[in-house]
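Following: one structure in structure tokens, then a few remarks.
In my numbering, the protein residues as written are 200 to 443.
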């Protein structure tokens, strides 16, 4: 099982309710062993840094792995030191925005114990879902967190989250009754963690986290101009602290 890798990927969203909307954008993401992250030459580190403040509770001074273990312990999950790999974007020139970070959590025998999906919204809110995928990587979770002003709060996420290998192929679909108002996919190809590939991706998609944040707002403006219904945000569903 490869635990440190880059993925040259495409993220796509399809909104299936009125007004319909879709997009696809090229991105790159990291798959990182939280206990043994890749080491990069000093001149590339400003373009690939993982900061503890970007995951779980920002003010918690512990590292990402320690914060994840504490969050799992509150839910009676003990990995007993097993490996955790995280799929996420890294900071580029001091900034990152991760709409979703995925953690595959293993026990000491290497078996998958659970998956954690950590979701961020553009209002500074964070929420994590504890998932128990089946052998096909399929899992479900009730929607509990305000992500978009153009989606109702009710519904159930149906996720396909197999561990990335040579290919990355994740799907998150929002179900509401018999309808599927939103489908998001993330598909990519594994690349080695080496300076040549990282430099190539950074140059091909400069300031990617900043661009992702700007694109989210651009698509929001497009939906607003098309008079998509706006769902009110409240402190309970979009606060700045981690929920879940």
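Beta carbons: idealized from backbone N, C-alpha and C, even for Gly.
Just so we're clear, the structure is a prediction, and the values are computed from it rather than from any experiment.
Can you check which of these residues, the options, is closest to residue i by C-alpha distance?
i	options	result
residue 341	259, 357, 331 and 219	357
residue 374	214, 202 and 201	214
residue 228	335, 286, 415 and 410	286
residue 432	421, 346 and 406	346
residue 332	239, 253, 421 and 362	362
residue 224	408, 420, 260 and 429	408
residue 323	212, 252, 274 and 268	252
residue 311	380, 335 and 400	335
residue 416	321, 277, 366 and 344	321
residue 396	240, 414, 329 and 359	240
residue 350	234, 330, 411 and 381	381
residue 263	378, 236 and 277	236
residue 337	401, 377, 274 and 369	369
residue 212	256, 404, 406 and 371	371
residue 255	398, 377, 420 and 299	299
residue 202	330, 364, 352 and 379	364
residue 307	277, 360 and 297	277
residue 393	200, 242, 216 and 233	242
residue 309	430, 429, 200 and 230	200
residue 473	377, 348 and 367	As shown, the chain starts at 200 and ends at 443. That puts residue 473 outside it, with no answer to give.
Give me whichever residues DSSP pairs with residue i in a beta bridge.
i	result
residue 387	208 and 367
residue 221	213
residue 374	355
residue 445	The chain is shown from 200 up to 443; residue 445 falls before or after that span and cannot be answered.
residue 248	290
residue 382	213 and 372
residue 256	Note: residue 256 sits in no beta bridge, so no partner.
residue 226	208
Please classify residue i: does DSSP put it in a helix, a strand, or coil?
i	result
residue 215	coil
residue 232	strand
residue 417	helix
residue 429	coil
residue 360	coil
residue 239	coil
residue 183	Beyond the ends of the chain as shown, which are 200 and 443, falls residue 183; an answer cannot be given.
residue 401	helix
residue 406	coil
residue 348	coil
Ordered list of beta strand (DSSP E) runs contained in the stretch 266-346, each at least 3 residues: 283-287, 299-305, 311-319, 325-330 and 337-341
Segment contact flag, the stretch 264-281 with the stretch 205-214, C-beta cutoff 8 Å, min 3 pairs: no
Cβ pair count under 8 Å reaching 3, the stretch 211-227 against the stretch 415-435: yes
At least 3 beta-carbon pairs within less than 8 Å: the stretch 389-397 vs the stretch 314-332: no
Three-pair Cβ contact test at 8 Å for the stretch 287-302 versus the stretch 228-247: yes
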